[in-house]
Amino acid sequence: MFIDTHCHLDFPDFDSDRNEVIQRAKQQGIGYIINVGSSLRASQASVDLAGQYDFIYASAGIHPHDADKVNKETLNTIAGLCKSPRVVAVGEIGLDYYRGLSSVDNQKQLFINLLRLAESESLPVIIHCRQAQQDVLKILKDNNVSRGVVHCFSGDEAFLKQCLDLGFYISFTCNLTYKKADNLRRLARITPLERLLLETDAPFLAPEGFRGKRNEPVYVKYLAKKIAEIKEIKLEEIEKITTVNAQALFRLNRD
Ligand code: NI
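The opening residue of the sequence shown carries number 230 in the numbering used here; numbering runs sequentially from there.
This is the structure we're talking about:
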């Protein structure tokens, strides 16, 4: 089985056929799905979805884009969601200076607050980082955070090495299959297998051949196939090790 460690099936893109998408994933070998909360509403929806399907887990978090809108009540609600046995991580959280939809100060404060929540709940974190590598690393180090994944990895080799040194897993998405994504493929090649996770980030970033269309969890196999090619090992090996990695980080199927 494969595990899609990061997608957003609560998004309106799936309103017309959500159950079909989920059943298709299950029937075609996606053993588990982690539906990632990117806002208060999405975190609640993720927990609801995880309550409906035993192979779907949830994370709860607030995207840095929303940092300007967060208040104490928002944080309390996220903290409450983290008590759910279906929540396996705090995320996605981090810093995004590329789109800069919230102030840097508010992004940092929110990030730190949610890292502390993860620590108090003994949950791993799912990190979103765009053009904020140095600040993300500094905050992770200052707060002694070592259990988590840097999702939709982008950046340079130095950043990759520093994330690995901190103990983080690295997750690539289907954009690694794009014709021009040589840099991502090079980074995947040097990421140790025992730190590698797979994700779709659906509905975003559908693989080559489906570009511009909606992504969905079953397409994680296209990513796995490409990584197997890059690493010159069998697809079954990628399948096995990324599944072990995801189960270890998120403690899936622990009950
Ligand atoms: Ni995402």
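By construction, the Cβ of each residue, glycine as well, lies at the ideal position given by its N, Cα and C atoms.
Residue i in three-state terms, based on DSSP
| i | result |
| --- | --- |
| Val317 | strand |
| Leu333 | It should be noted that the sequence gives Val, not Leu, for residue 333. In the structure shown, Val333 sits in a helix (DSSP, three-state: H, G or I). |
| Leu405 | helix |
| Ile399 | strand |
| Leu339 | helix |
| Ile456 | helix |
| Val374 | coil |
| Lys390 | helix |
| Glu348 | helix |
| Ala296 | helix |
| Lys450 | helix |
| Asp244 | coil |
| Asp364 | helix |
| Leu422 | helix |
| Leu434 | coil |
| Leu238 | coil |
Per DSSP, cross-strand counterpart(s) of residue i
| i | result |
| --- | --- |
| Arg359 | Asp325 |
| Tyr261 | Ile232 |
| Val354 | Val319, Gly377 |
| Leu427 | Phe401 |
Extent of the continuous beta strand (DSSP E) to which residue i belongs
| i | result |
| --- | --- |
| Ser272 | First-last for Ser272: 269 to 281, but that is the alpha helix (DSSP H), not the beta strand (DSSP E). |
| Gly384 | Premise fails: Gly384 is in no beta strand (DSSP E) and is neither H nor E. |
| Ile285 | 285 to 289 |
Cβ-Cβ separation, residue j to residue i (assumed contact under 8 Å), whole Å
| i | j | result |
| --- | --- | --- |
| Leu452 | Leu427 | 6 Å |
| Thr402 | Asp385 | At roughly 17 Å, the Cβ-Cβ gap does not stay under 8 Å, so Thr402 and Asp385 are not in contact. |
| His294 | Leu269 | Not confirmed; about 12 Å, so no contact. |
| Leu343 | Ala318 | Contact flag wrong, Cβ pair sits at about 11 Å. |
| Leu395 | Leu369 | 6 Å |
| Tyr326 | Gln363 | Going by Cβ atoms, the distance from Tyr326 to Gln363 rounds to 10 Å, so no, they are not a contact pair. |
| Glu437 | Thr471 | So it is not a contact: roughly 20 Å between Cβ atoms. |
| Arg315 | Val276 | 6 Å |
| Leu324 | Val365 | 5 Å |
| Cys311 | Leu278 | In fact, because the Cβ distance is near 16 Å, the residues do not count as touching under 8 Å. |
Same chain, Cβ closer than 8 Å to residue i, neighbours up to 5 away in sequence not counted
| i | result |
| --- | --- |
| Glu321 | His235, Val265, Gly266, Ser267, Ser288, Gly290, His292, Ile355, Ile356, His357, His380 |
| Gln257 | Val447, Lys450 |
| Arg424 | Leu393, Phe397, Tyr398, Ile399, Asn474 |
| Phe479 | Thr234, Ile263, Tyr286, Val317, Ala318, Pro353 |
| Ser332 | Ala296, Asp297 |
Spatial neighbours of residue i in its chain, beta-carbon cut-off 6 Å, leaving aside the 5 residues before and after
| i | result |
| --- | --- |
| Pro432 | Phe240, Asp242, Arg443, Asn444 |
| Ala254 | Pro446, Val447 |
| Glu348 | none |
| Ala271 | Asp239 |
| Arg376 | Pro353 |
The alpha helix (DSSP H) enclosing residue i, as first and last residue numbers
| i | result |
| --- | --- |
| Ile251 | 247 to 256 |
| Arg309 | Sequence check: residue 309 is Gly here, not Arg. Start and end: 301 to 310. |
| Leu478 | 464 to 479 |
| Asp411 | 411 to 419 |
Nonlocal neighbours in the same chain, by C-beta distance under 7 Å from residue i, ignoring five residues either side
| i | result |
| --- | --- |
| Leu416 | Phe382, Glu386, Leu389 |
| Asn335 | Ala296, Asp297 |
| Ile459 | Arg414, Ala417, Arg418 |
| Asn404 | Ala410, Leu413, Leu434 |
Residue i Cβ short of 6 Å to the ligand ADP heavy atom set
| i | result |
| --- | --- |
| Glu321 | The ligand ADP is not part of this structure, which contains only the ligand NI. |
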